[in-house]
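**Q** My structure is below; once you've seen it, I'll send some questions.
2 protein chains.
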Amino acid sequence: MTAYGLLVFDDVEELDLVGPWEVFTASSMIRGGADTAVLVAERPDPIRCGKGMRVLADHTLDDHPPLDVLLVPGGRGTREIEVRNPVVTDWIARTAEHTFWVVSVCTGAFLLHAAGPARGRRVATHWRHEDDLEAQGEVTVVRDARYVVDGNVLTSQGVSAGIDSALWLVGRLHGREHARAVRRYLQYEPAPPYLADEPHTT
Amino acid sequence: MTAYGLLVFDDVEELDLVGPWEVFTASSMIRGGADTAVLVAERPDPIRCGKGMRVLADHTLDDHPPLDVLLVPGGRGTREIEVRNPVVTDWIARTAEHTFWVVSVCTGAFLLHAAGPARGRRVATHWRHEDDLEAQGEVTVVRDARYVVDGNVLTSQGVSAGIDSALWLVGRLHGREHARAVRRYLQYEPAPPYLADEPHTT
Numbered sequence: 001m002t003a004y005g006l007l008v009f010d011d012v013e014e015l016d017l018v019g020p021w022e023v024f025t026a027s028s029m030i031r032g033g034a035d036t037a038v039l040v041a042e043r044p045d046p047i048r049c050g051k052g053m054r055v056l057a058d059h060t061l062d063d064h065p066p067l068d069v070l071l072v073p074g075g076r077g078t079r080e081i082e083v084r085n086p087v088v089t090d091w092i093a094r095t096a097e098h099t100f101w102v103v104s105v106c107t108g109a110f111l112l113h114a115a116g117p118a119r120g121r122r123v124a125t126h127w128r129h130e131d132d133l134e135a136q137g138e139v140t141v142v143r144d145a146r147y148v149v150d151g152n153v154l155t156s157q158g159v160s161a162g163i164d165s166a167l168w169l170v171g172r173l174h175g176r177e178h179a180r181a182v183r184r185y186l187q188y189e190p191a192p193p194y195l196a197d198e199p200h201t202t
Numbered sequence: 001m002t003a004y005g006l007l008v009f010d011d012v013e014e015l016d017l018v019g020p021w022e023v024f025t026a027s028s029m030i031r032g033g034a035d036t037a038v039l040v041a042e043r044p045d046p047i048r049c050g051k052g053m054r055v056l057a058d059h060t061l062d063d064h065p066p067l068d069v070l071l072v073p074g075g076r077g078t079r080e081i082e083v084r085n086p087v088v089t090d091w092i093a094r095t096a097e098h099t100f101w102v103v104s105v106c107t108g109a110f111l112l113h114a115a116g117p118a119r120g121r122r123v124a125t126h127w128r129h130e131d132d133l134e135a136q137g138e139v140t141v142v143r144d145a146r147y148v149v150d151g152n153v154l155t156s157q158g159v160s161a162g163i164d165s166a167l168w169l170v171g172r173l174h175g176r177e178h179a180r181a182v183r184r185y186l187q188y189e190p191a192p193p194y195l196a197d198e199p200h201t202t
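So the sequences go chain by chain: A and B.
Counting in the numbering used here, the first sequence runs from 1 upward without gaps.
Counting in the numbering used here, the second sequence runs from 1 upward without gaps.
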């Protein structure tokens, strides 16, 4: 049984959050409902994400079940607000002491840095914010990897990269054959368009 | 200005919904906030998605702004409930008459079929449900394409495929250079893990 807890806050980036959520919960489904995944927020009010979607958290910071995996997504809310919110950074620091894995997506790495778990580590973040993160000191930003594993800290590049890192994690936890089954369920066989420069046909 | 409307319902699959949502809203951000994206539901209560995330819709079926793009995500709720819910299928049929594009992700194709827009079309759906959809009749299921464009109907394969089809659509609407900028913002350079069979190192 793996208990996943995903931190949410105003101006969290939607796909940073929902990419890994989908991977973790699909993993649990394939494992017969063995695992749990919950959203944890500072307050019980609806969260307004960075692009306007409103989601409801399942628990507050001071009342949630024990977690095996703590995931911190990115978004404008991390860099501009939450890195200076000691209620959130203290909670991350305390919670990370007891989880097997500490995970961030995109600029969630700034929160892991402010709270402590990313200090002295090799980490990934969104390409646009790599210089900013390195300027914080006590961290090595890896610029050429989709995601980075350093000890029990798993960080990934921007937004969509959380899908790849979460798939890696469920494979690390429950086997790579299982991760492949999750990938098949998600039909994750990416085909980004417009990679070629070809004549317009319409 | 493009007005995106995404239908939500209980047991909608989270990533089916949020992949395109992220693409559409990032596209709008890059275009200086030119566009709008809203979630539309039958009732104003919170939606419980298929894997347990709760989201709030912005509008109800009988009170929403005009839409240019209608997107219907998939999930257990489509096949088991909403295809037999005339309130939803009638709304899709009426709304699709006035939108420029009608889009589905995953098993959302079943709803487009039940409502009419997918009848007589070539469509894509989740690999596990291709036979079921074809058995409905009056539809050609394309099994070897990530997404399918037939007239103004854009359908995609399972769950994660909505990211690719939504990127195609914003390129079709606003130019492929723009779609590339959206892809760059999302750092959508997928790297699925466990594609190789190699020795375990841990």
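Every residue gets a Cβ at the ideal spot worked out from N, C-alpha and C, and that includes glycine.
As the structure is a prediction and not an experimental result, all values here were calculated from the model.
Identify, in the order they occur along the chain, each residue of the same chain with its Cβ nearer than 7 Å to the Cβ of A:V141, setting aside the five sequence neighbours on each side.
**A** Around A:V141: V123, T125, E130, L133, E134.
**Q** Report the residue from A:E22, A:L15, A:R119 whose alpha carbon sits nearest the alpha carbon of A:R184.
**A** For A:R184, the nearest C-alpha among the options comes from A:E22.
**Q** Could you pull out every residue in the same chain whose Cβ sits closer than 7 Å to the Cβ of A:A145, ignoring the five residues on either side in sequence?
**A** Counting only Cβ-Cβ distances below 7 Å, and skipping sequence neighbours, we find A124.
**Q** Report, in whole angstroms, the separation of the C-beta atoms of B:V8 and B:V83, which I expect to be a contact under 8 Å.
**A** That pair is no contact at about 16 Å.
**Q** Should B:P205 and A:P190 be called a contact, given that it needs their Cβ atoms to be closer than 8 Å?
**A** Look at the range of chain B in this structure, 1 to 202, and you will see that residue 205 of chain B is not part of it.
**Q** Looking at the structure shown, is A:T78 part of a helix, part of a strand, or coil, going by DSSP?
**A** A:T78 falls in the helix class under three-state DSSP.
**Q** Which two residues bound the contiguous beta strand (DSSP E) that contains A:A37?
**A** Element bounds for A:A37: 36-41.
**Q** Take the Cβ of A:M1 as the centre, count every other Cβ of all protein chains shown within 10 Å, and call the residue buried at 16 or more, exposed below.
**A** That one is exposed.
**Q** Specify, as a first and last residue, the run of the alpha helix (DSSP H) that B:S156 falls within.
**A** Here B:S156 belongs to no alpha helix (DSSP H); instead the beta strand (DSSP E) covers 153-156.
**Q** For A:D63, list the residues DSSP reports as bridge partners.
**A** A:D63 pairs with A:T60.
**Q** Step through the CB atoms of chain A and report whether any lies within less than 8 Å of the CB of B:R31.
**A** No, B:R31 lies away from the interface with chain A (no Cβ there is under 8 Å from its Cβ).
**Q** Along chain B, in chain order, which residues have C-beta atoms closer than 7 Å to that of A:T25?
**A** K51, G52, listed in chain order.
**Q** Quick check on DSSP: helix, strand or coil for B:R184?
**A** In the structure shown, B:R184 sits in a helix (DSSP, three-state: H, G or I).
**Q** So A:V103 contacts chain B; which residues on that side make the cut at Cβ distance below 9 Å?
**A** Per Cβ cutoff of 9 Å: no residues; A:V103 is ~14 Å from chain B at best.
**Q** Any idea which residues DSSP pairs A:T140 with across the strands?
**A** According to DSSP, which records beta bridges pairwise, A:T140 is partnered with A:R122.
**Q** Note down, in chain order, every chain A residue with its Cβ under 9 Å from the Cβ of B:V159.
**A** Under the 9 Å cutoff, chain A gives E22, A26, Y185, L186, Q187, Y188.
**Q** Can you give me the C-alpha to C-alpha distance between A:S104 and B:R119, rounded to a whole angstrom?
**A** Between A:S104 and B:R119, the C-alpha separation is close to 43 Å.
**Q** Kindly indicate which residue of B:T78, B:D68, B:A196 has the alpha-carbon position closest to the one of B:L173.
**A** For B:L173, the nearest C-alpha among the options comes from B:D68.
**Q** Counting only Cβ-Cβ distances shorter than 7 Å, please list the residues of the stretch 52-69 of chain A near chain B, keeping chain order.
**A** The residues in question are G52, M53, R54, V55, L56.
**Q** Which term fits B:V88, buried or exposed, when burial requires 16 or more other beta carbons within 10 angstroms of its beta carbon?
**A** Burial call: buried.
**Q** Closest to B:C49 by C-alpha separation, out of A:V38, A:R48, A:A115, A:I81, would be which residue?
**A** Cα-wise, what sits closest to B:C49 is A:V38.
**Q** Go ahead and label A:L195 buried or exposed: buried means 16 or more other beta carbons lie within 10 angstroms of its beta carbon, across all protein chains shown.
**A** By the 10 Å Cβ count, A:L195 comes out exposed.
**Q** Where does A:F24 land, buried or exposed, given buried means 16+ other C-beta within 10 angstroms?
**A** It counts as buried.
**Q** Report, in whole angstroms, the separation of the C-beta atoms of A:P73 and A:G108, which I expect to be a contact under 8 Å.
**A** Contact holds; Cβ gap of about 5 Å.
**Q** Are the beta-carbon atoms belonging to B:Q187 and A:G158 less than 8 Å from one another?
**A** A contact, by the Cβ cut-off of 8 Å.
**Q** Less than 8 Å between CB atoms is the rule here; does A:P73 satisfy it with respect to chain B?
**A** So, not an interface residue.
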